[in-house]
Amino acid sequence: MPAAIGGRLDGELLVGGCQAGRDPQAQVARRVGIVFQDPESQLVMERVDDEVAFGLESLGWSAGEMQARVPVALADLGLAGFGRRRTARLSGGEQQRLAIAGALAAAPGILVLDEPTANLDPAGTRELAARLAAMRAVRSTTIVLVEHRADLVWPLADLILALGADGRPIALGTPAEMLERYAARLAGSGVWLPDSFVGRAGDPAPPDPREPGRVAGAPLLEVRGVGFAWVGGGQPIFRAVDLDLGEGDRVALLGPNGSGKSTLGRIASGLLRPTTGSVRLAGNDPARLPARELARRVGYVFQDPERQFVAATVRAEMEAGLDAAGRAGVAEVAASLGLPLEAFGERSPYTLSGGEQRRLSLAPALARRPSLLVLDEPTYGQDRHGYDRLVDFFRARLGSGTAILVATHDPRLVADLGARPFELDGASSGVVAA
Amino acid sequence: MIAVRAADDRALASPLGRTSPVAKLVLVGAWVAGLALTTDPRPPLVLGAVGLAGAVVLGRVRPASLVAGLAPLVFAALTVGFFNALLNPANANPAFAAVTSLGPIRLTAPAISAGVALSCRVGAVAALGIAFGLTTDTTRLVDALVQQAHMPERFAYGALAAFQAIPRLAEDLVALREARRIRGLRASWHPRILVGLLVLAIRRADRLAVAMDARGFGSGQRTRFRSVEWSLADGVLLGVGLAVLVAAMALGRGA
Numbered sequence: 003m004p005a006a007i008g009g010r011l012d013g014e015l016l017v018g019g020c021q022a023g024r025d026p027q028a029q030v031a032r033r034v035g036i037v038f039q040d041p042e043s044q045l046v047m048e049r050v051d052d053e054v055a056f057g058l059e060s061l062g063w064s065a066g067e068m069q070a071r072v073p074v075a076l077a078d079l080g081l082a083g084f085g086r087r088r089t090a091r092l093s094g095g096e097q098q099r100l101a102i103a104g105a106l107a108a109a110p111g112i113l114v115l116d117e118p119t120a121n122l123d124p125a126g127t128r129e130l131a132a133r134l135a136a137m138r139a140v141r142s143t144t145i146v147l148v149e150h151r152a153d154l155v156w157p158l159a160d161l162i163l164a165l166g167a168d169g170r171p172i173a174l175g176t177p178a179e180m181l182e183r184y185a186a187r188l189a190g191s192g193v194w195l196p197d198s199f200v201g202r203a204g205d206p207a208p209p210d211p212r213e214p215g216r217v218a219g220a221p222l223l224e225v226r227g228v229g230f231a232w233v234g235g236g237q238p239i240f241r242a243v244d245l246d247l248g249e250g251d252r253v254a255l256l257g258p259n260g261s262g263k264s265t266l267g268r269i270a271s272g273l274l275r276p277t278t279g280s281v282r283l284a285g286n287d288p289a290r291l292p293a294r295e296l297a298r299r300v301g302y303v304f305q306d307p308e309r310q311f312v313a314a315t316v317r318a319e320m321e322a323g324l325d326a327a328g329r330a331g332v333a334e335v336a337a338s339l340g341l342p343l344e345a346f347g348e349r350s351p352y353t354l355s356g357g358e359q360r361r362l363s364l365a366p367a368l369a370r371r372p373s374l375l376v377l378d379e380p381t382y383g384q385d386r387h388g389y390d391r392l393v394d395f396f397r398a399r400l401g402s403g404t405a406i407l408v409a410t411h412d413p414r415l416v417a418d419l420g421a422r423p424f425e426l427d428g429a430s431s432g433v434v435a436a
Numbered sequence: 621m622i623a624v625r626a627a628d629d630r631a632l633a634s635p636l637g638r639t640s641p642v643a644k645l646v647l648v649g650a651w652v653a654g655l656a657l658t659t660d661p662r663p664p665l666v667l668g669a670v671g672l673a674g675a676v677v678l679g680r681v682r683p684a685s686l687v688a689g690l691a692p693l694v695f696a697a698l699t700v701g702f703f704n705a706l707l708n709p710a711n712a713n714p715a716f717a718a719v720t721s722l723g724p725i726r727l728t729a730p731a732i733s734a735g736v737a738l739s740c741r742v743g744a745v746a747a748l749g750i751a752f753g754l755t756t757d758t759t760r761l762v763d764a765l766v767q768q769a770h771m772p773e774r775f776a777y778g779a780l781a782a783f784q785a786i787p788r789l790a791e792d793l794v795a796l797r798e799a800r801r802i803r804g805l806r807a808s809w810h811p812r813i814l815v816g817l818l819v820l821a822i823r824r825a826d827r828l829a830v831a832m833d834a835r836g837f838g839s840g841q842r843t844r845f846r847s848v849e850w851s852l853a854d855g856v857l858l859g860v861g862l863a864v865l866v867a868a869m870a871l872g873r874g875a
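Chains as they are written, first to last, in our numbering: chain A, 3 to 436; chain B, 621 to 875.
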């Protein structure tokens, strides 16, 4: 446990005979390597080899030892030859493997991974899972994986410890034991179970996947020949994209990181002007609509709720931009999101828990009932209960005629919304799978 | 998207790229101090030209990237000089004849030469900054500041990590402004945007500090993966550079 974390530690935590939280950090760092969720905000150095060496320098390795060790640590994670590359230019998956190489360089004995795939696309996740499986086979390092995603955990783990909402342990066992003995308890606490198991033992809420939608109601959004390139950024991210949404329709934007899913969502919602092509939202160019008009028609849910808060309190956040009639309905919106104003109204949005922030970020979609709702990775980091709640929310919006455009890596969400998949392959135009 | 102009590998492998960043920093500092002490346009022209020539010849910087980096700054320097000349109190002094005038606006010779000198100085400082930036690797600069200038490690490596986060700060700003527009609020500017930026920056800094601590940063004697040693080239660079400074200043003094 790094000293920079505040809070109180009860009891005792012994790591290889050394007391975490009490003994000097270097002693703990020699025994434990940690990899965090967000690959970008844990990288310190500009170049890959310096990044791997950073921890070794802190632990006092000699220059000769480091010169020998760094290339080996990189090769172990499939990054041979990456030494002089700039860390900022790597893909998310490569950055995450670099973070692991940096943590493992000092041969710590224990590797702690904190939701290492939360920000990765499916390809990055597969690569990482393959590396972890290879490390498990060698059994040179104890791996502690903190993770929501059951399909990643179950095949890799020898032992699983499930924690309840209050942080207390609720079950401990091998993967097989966990399913045999504790499945009901785990499901009841919102712990994800592997897909292969779901349905077999009466999963509590397997929401019946909808039939994939077709353009249903009246045309709402027309995207024609849209391409986008950053000014001075050279190659377009995508070109010549055509996309139609009707009222109450739903489309999932799929593709690797960097393929422009979020960018296309921002173009569709009038936040960004396309470089080429045109966008029509019920006949208007959304990028030219005055902000008040745009807000009435489009809702946008950001991946990181903290990037979308505009006010100092939960109440002001919910009232922002609404007219008098809208403000009168805020108490009801708050209650239905599980954030009653009596308890939450005067709190700062930034002090809410992750799940509460996610629910607060849905308030505009509920208060304004826009005709188009654009979602950017809305379910990431959610436990089973949080996920089910979100799906219920989105389905209710679909039921009342709102169209949904969602950028996501989560195939379960695509199925649960009955969304048409729209692949952005990272080079050219999007392709609608039939 | 903000493009941070960085030195390319060719420039970093050049003679100027391999000298100690601290030596270059000291020299640039001395030249800038010298420029601050003169009002003559010739020293800045000489020092700016020598700096750019050094970047191209000794630093193997592509002239195109030099021009691309310098163009907006030269424009800024000319603008600053022009307004300085326009607003110079000498224009109101009837003792000086007007070189040119437009209605009540007069431009006198002393005002023009003051404006030209200022433009030259601002332009020269910009040229030196670009020449330094395009021949210096950020990591090596920080390594050199720690090893040769004995800057505290926590500050230096913290600043390096913060520097890497600048592009993400720009992305945060875009997102916060978009969030306001999609809520029907005035997007252009509002104090809440600053609060949001601050919160996001602090969260990120927290995560980075924890990640650095977890790797044992600052918990003991640090060793060096890349050592930066003083070399003969650093001495030559400093010696020749200071001689050029003295010569350029003498040129100004002699006028």
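We treat Cβ as the ideally placed atom computed from N, Cα and C, and that holds for glycine.
This one's a predicted model, so the numbers in the text were calculated from it and none came from an experiment.
Bridge partner(s) assigned by DSSP for residue i
{"i": "Ser877 of chain B", "result": "Missing from the structure shown is residue 877 of chain B; chain B here goes from 621 to 875 and no further."}
{"i": "Asp378 of chain A", "result": "A:Ala409"}
{"i": "Gly254 of chain A", "result": "The question names Gly, but residue 254 of chain A is Ala in the sequence shown. DSSP, once it has assigned bridges, lists A:Val408 and A:Pro423 as partnering Ala254 of chain A."}
{"i": "Ser280 of chain A", "result": "A:Arg226"}
{"i": "Phe845 of chain B", "result": "The partner list for Phe845 of chain B (beta bridge, DSSP) is empty, contrary to what the question assumes."}
{"i": "Pro171 of chain A", "result": "A:Leu165"}
{"i": "Ile36 of chain A", "result": "A:Val114"}
{"i": "Pro221 of chain A", "result": "A:Gly248"}
Residue closest to residue i, alpha-carbon to alpha-carbon, out of the options
{"i": "Trp651 of chain B", "options": "B:Ala729, B:Ala790 and B:Val742", "result": "B:Val742"}
{"i": "Arg138 of chain A", "options": "A:Glu149, A:Leu158 and A:Leu255", "result": "A:Leu158"}
{"i": "Ser721 of chain B", "options": "B:Pro730, B:Ala715 and B:Asn711", "result": "B:Asn711"}
{"i": "Leu122 of chain A", "options": "A:Pro372, A:Glu379, A:Trp194 and A:Gln69", "result": "A:Glu379"}
{"i": "Val155 of chain A", "options": "A:Ala178, A:Ala330 and A:Val408", "result": "A:Ala178"}
{"i": "Val846 of chain B", "options": "A:Phe424, A:Arg422, A:Asp51 and A:Gln21", "result": "In the sequence on display, residue 846 of chain B carries Arg and not Val. It is A:Asp51 whose Cα lies nearest to the Cα of Arg846 of chain B."}
{"i": "Leu871 of chain B", "options": "B:Ile750, B:Arg726 and B:Val666", "result": "B:Val666"}
{"i": "Glu319 of chain A", "options": "A:Leu61, A:Phe240 and A:Arg349", "result": "A:Arg349"}
{"i": "Gly778 of chain B", "options": "B:Ala825, B:Ala673 and B:Gly671", "result": "B:Ala825"}
{"i": "His150 of chain A", "options": "A:Glu117, A:Thr143, A:Leu181 and A:Thr127", "result": "A:Glu117"}
{"i": "Asp244 of chain A", "options": "A:Val253, A:Leu255, A:Val225 and A:Gln237", "result": "A:Val225"}
{"i": "Arg827 of chain B", "options": "B:Ala785, B:Gly735, B:Ser640 and B:Phe716", "result": "B:Ala785"}
Whether residue i touches residue j by CB criterion (7 Å)
{"i": "Pro307 of chain A", "j": "Arg360 of chain A", "result": "yes"}
{"i": "Val335 of chain A", "j": "Leu368 of chain A", "result": "yes"}
{"i": "Ala173 of chain A", "j": "Ala167 of chain A", "result": "no"}
{"i": "Val312 of chain A", "j": "Arg812 of chain B", "result": "yes"}
{"i": "Leu222 of chain A", "j": "Ala284 of chain A", "result": "yes"}
{"i": "Thr843 of chain B", "j": "Trp232 of chain A", "result": "no"}
{"i": "Leu113 of chain A", "j": "Ile145 of chain A", "result": "yes"}
{"i": "Leu672 of chain B", "j": "Pro664 of chain B", "result": "no"}
{"i": "Glu249 of chain A", "j": "Gly403 of chain A", "result": "yes"}
{"i": "Ala28 of chain A", "j": "Gly836 of chain B", "result": "yes"}
{"i": "Arg317 of chain A", "j": "Gly347 of chain A", "result": "yes"}
{"i": "Leu61 of chain A", "j": "Ala107 of chain A", "result": "no"}
{"i": "Leu364 of chain A", "j": "Thr381 of chain A", "result": "no"}
{"i": "Phe56 of chain A", "j": "Val253 of chain A", "result": "no"}
With 9 Å as the limit, tell me which residues of the stretch 800-813 of chain B have their beta carbon closer than that to any beta carbon of chain A; keep them in chain order. Listed by position along the chain: Arg800, Arg801, Ile802, Arg803, Gly804, Leu805, Arg806, Ala807, His810, Arg812 and Ile813.
Short of 9 Å Cβ to Cβ, which residues in the stretch 673-693 of chain B face chain A? Here the close residues number zero.
If the cut-off is 7 Å on Cβ atoms, which residues from the stretch 153-170 of chain A count as contacting chain B, listed in chain order? Under the 7 Å Cβ criterion, the stretch 153-170 of chain A contributes no residue.
Taking one C-beta from the stretch 320-328 of chain A and one from the stretch 798-806 of chain B each time, how about it: are there three or more such pairs within less than 8 Å? A contact exists between the stretch 320-328 of chain A and the stretch 798-806 of chain B.
Beta carbons nearer than 8 Å to chain B: which residues of the stretch 406-420 of chain A have them? Those residues of the stretch 406-420 of chain A that come within reach of chain B (Cβ to Cβ, closer than 8 Å) do not exist; the list is empty.
Using Cβ-Cβ distances below 9 Å, what residues of the stretch 643-664 of chain B are close to chain A? Residues of the stretch 643-664 of chain B with a C-beta atom less than 9 Å from some C-beta of chain A do not occur.
Indicate whether the contact test is met: 3 or more Cβ pairs, each with one atom in the stretch 640-654 of chain B and one in the stretch 864-872 of chain B, closer than 8 Å. Yes, the stretch 640-654 of chain B is in contact with the stretch 864-872 of chain B.
Using a Cβ-Cβ cut-off of less than 7 Å, list which residues of the stretch 19-31 of chain A approach chain B; keep chain order. With the criterion set as a beta carbon lying under 7 Å from some beta carbon of chain B, the members of the stretch 19-31 of chain A are Pro26, Gln27, Ala28 and Ala31, in sequence order.
Sufficient close CB pairs (3 or more, under 8 Å) joining the stretch 66-86 of chain A to the stretch 37-55 of chain A: The stretch 66-86 of chain A makes contact with the stretch 37-55 of chain A; the number of CB pairs closer than 8 Å reaches 3 or more.
Touch check for the stretch 762-772 of chain B and the stretch 701-709 of chain B: three-plus C-beta pairs under 8 Å? No: fewer than three Cβ pairs fall under 8 Å.
Stretch-stretch touch, CB-based, cutoff 8 Å, three pairs: the stretch 290-307 of chain A with the stretch 792-801 of chain B: With contact defined as three or more Cβ pairs closer than 8 Å, the stretch 290-307 of chain A and the stretch 792-801 of chain B are in contact.
Please list, in chain order, the residues of the stretch 745-767 of chain B that have any C-beta partner in chain A closer than 7 Å. If the cut-off is 7 Å between Cβ atoms, the stretch 745-767 of chain B has Thr758 and Thr759 near chain A.
Under 8 Å, with one C-beta from each stretch per pair, do the stretch 668-687 of chain B and the stretch 751-766 of chain B reach the 3-pair mark? These segments touch.
Using a Cβ-Cβ cutoff of 8 Å, what residues of the stretch 767-779 of chain B are near chain A? List them in chain order. Going along the stretch 767-779 of chain B in chain order, one finds Tyr777 with a Cβ nearer than 8 Å to chain A.
Which residues of the stretch 267-296 of chain A have a Cβ closer than 9 Å to any Cβ of chain B? Give them in chain order. Hits within the stretch, in order: Arg268, Ser271, Gly272, Leu273, Leu274, Pro292, Ala293, Arg294, Glu295 and Leu296.
In the stretch 842-855 of chain B, which residues sit with their C-beta less than 9 Å from some C-beta in chain A, listed in chain order? The residues in question are Arg842, Thr843, Arg844, Phe845, Arg846 and Ser847.
At a CB distance below 9 Å, what residues from the stretch 813-836 of chain B approach chain A? Give them in sequence order. Hits within the stretch, in order: Ile813, Val815, Gly816, Val819, Leu820, Arg823, Arg824, Ala825, Asp826, Arg827, Leu828, Ala829, Val830, Ala831, Met832, Asp833, Ala834, Arg835 and Gly836.
Quick one: which residues of the stretch 356-378 of chain A get their C-beta closer than 8 Å to a C-beta of chain B? List them in chain order. Answer set for the stretch 356-378 of chain A: Pro366.
Chain-ordered residues of the stretch 110-141 of chain A with a beta carbon less than 8 Å from chain B: For the stretch 110-141 of chain A, the set of positions with a beta-carbon nearer than 8 Å to some beta-carbon of chain B is empty.
What residues in the stretch 780-794 of chain B bring their beta carbon closer than 8 Å to a beta carbon of chain A? Closer than 8 Å at the C-beta level to chain A, one finds these residues of the stretch 780-794 of chain B: Leu780, Ala781, Gln784, Ala785, Pro787, Arg788 and Asp792.
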